[in-house]
Amino acid sequence: KQLLQNHDEL
Amino acid sequence: MNVFRLTGDLSHLVAIILLLLKIWKTRSCAGISGKSQVMFALVFTTRYLDLFTNFISPYNSVMKVIYLGCSYATVYMIYMKFKASYDGNHDTFRAEFLIIPVGGLAFLVNHEFTPLEILWTFSIYLESVAILPQLFMITKTGEAETITTHYLFALGLYRALYLINWIWRYYFEGFFDLIAIVAGCVQTILYCDFFYLYITKVLHGKKLSLPA
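In order, the protein sequences belong to chains F and R.
Using the numbering used here, the first residue of the first sequence is number 9, and each one after it goes up by one.
Using the numbering used here, the first residue of the second sequence is number 200, and each one after it goes up by one.
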């Protein structure tokens, strides 16, 4: 499952 | 972090710095769409609010600050410092036709209905179309300076490399972010026509000019 609000890209 | 993500980020950095240097060295922002640049500043501002809430890595924070700083410096040069050279007459794309629908979409289609998440989604959607005023301006004037085309190529390449990064991450990490992927595809597709012209003309030493 993808982690929400962990936007690790720029 | 994989090699496609890193080269994508660096390509993005090269694009931003190239544009800034071009304006600084020539003391002119002729042929550059101020509207696209304002939208990019808005993209970075709404996306990087998490600088204050979510620490990821020193690399991540430093790059965010550089992107933000360069983006604001570019807008400052276009609308303040070298205002006289700004080609406003040809920069006629209606930005509100992009910003309003994109804002509406960010409210409707997002991962989570919270202010930060909606703003992040807005930035992703807006980035995908923010280059349209610039491309529209080139279509209108029928030409672009070679250095401007290098800027656009690096900017388009960045998202294309991100697409490969997302395929990589899906296979090797099981990670995917559908909002970013769909918007990233749209963004890359917008550059296809330009990529074709860049490869067939600019790389062969010709200036990018469109048939009248």
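Backbone N, C-alpha and C define an ideal beta-carbon position, used for all residues, glycine too.
Since we're looking at a predicted model, the values are computed, not measured.
Measuring alpha carbon to alpha carbon, tell me which of the options ends up nearest residue i.
i	options	result
R:Y271	R:F243, R:L209, R:T320, R:A305	R:F243
R:Y182	R:Y369, R:F352, R:I363, R:T345	Any question about residue 182 of chain R goes unanswered here, given that chain R covers just 200 to 411.
R:G383	R:L409, R:S322, R:Y397	R:S322
So, with DSSP's three-state summary, where would you put residue i?
i	result
R:A343	strand
R:L377	helix
R:T408	Here residue 408 of chain R is Ser; the residue named in the question, Thr, does not match the sequence. Reduced to three states, the DSSP call for R:S408 is strand.
R:D290	coil
R:I299	helix
R:S232	coil
R:T399	helix
R:I474	Not covered by the structure: residue 474 of chain R. The range shown for chain R is 200 to 411.
R:A276	In the sequence on display, residue 276 of chain R carries Met and not Ala. Here R:M276 sits in helix by DSSP.
F:K9	Unreliable placement is indicated for F:K9, whose pLDDT of 43 sits below 50; the coordinate value is still reported in the next sentence. In the structure shown, F:K9 sits in coil (DSSP, three-state: anything other than H, G, I, E or B).
If residue i sits next to residue j, beta carbons under 8 Å apart, how far is it from one beta carbon to the other, in whole angstroms?
i	j	result
R:T348	R:L407	5 Å
R:F296	R:G355	Not confirmed; about 22 Å, so no contact.
R:D249	R:L315	7 Å
Ordered along the chain, which non-local residues of its own chain (more than five positions away) have a Cβ less than 6 Å from that of residue i?
i	result
R:V385	S327
R:F239	S270, A329
R:H289	M336, K339, T340
R:V237	V274
R:Y357	G207, S210, H211
Apart from the five residues on each side of it in sequence, which residues of its chain come closer than 8 Å, Cβ to Cβ, to residue i?
i	result
R:L360	F203, R204, T206, G207, S210
Just to confirm my understanding: we take residue i, look at its own chain, exclude 5 residues before and 5 after, and list those with CB closer than 7 Å. What are they?
i	result
R:L396	L407
Chain F contacts from the segment 301-320 of chain R (Cβ-Cβ distance under 9 Å): Near chain F, meaning a CB-to-CB distance below 9 Å, the residues of the segment 301-320 of chain R are H310, E311, T313, L315, E316, W319.
Members of the segment 222-244 of chain R that neighbour chain F once the beta carbon cut-off is set at 8 Å: Hits within the stretch: zero.
Chain-ordered residues of the segment 258-270 of chain R with a beta carbon less than 8 Å from chain F: Those would be N259, M262, K263, Y266, in chain order.
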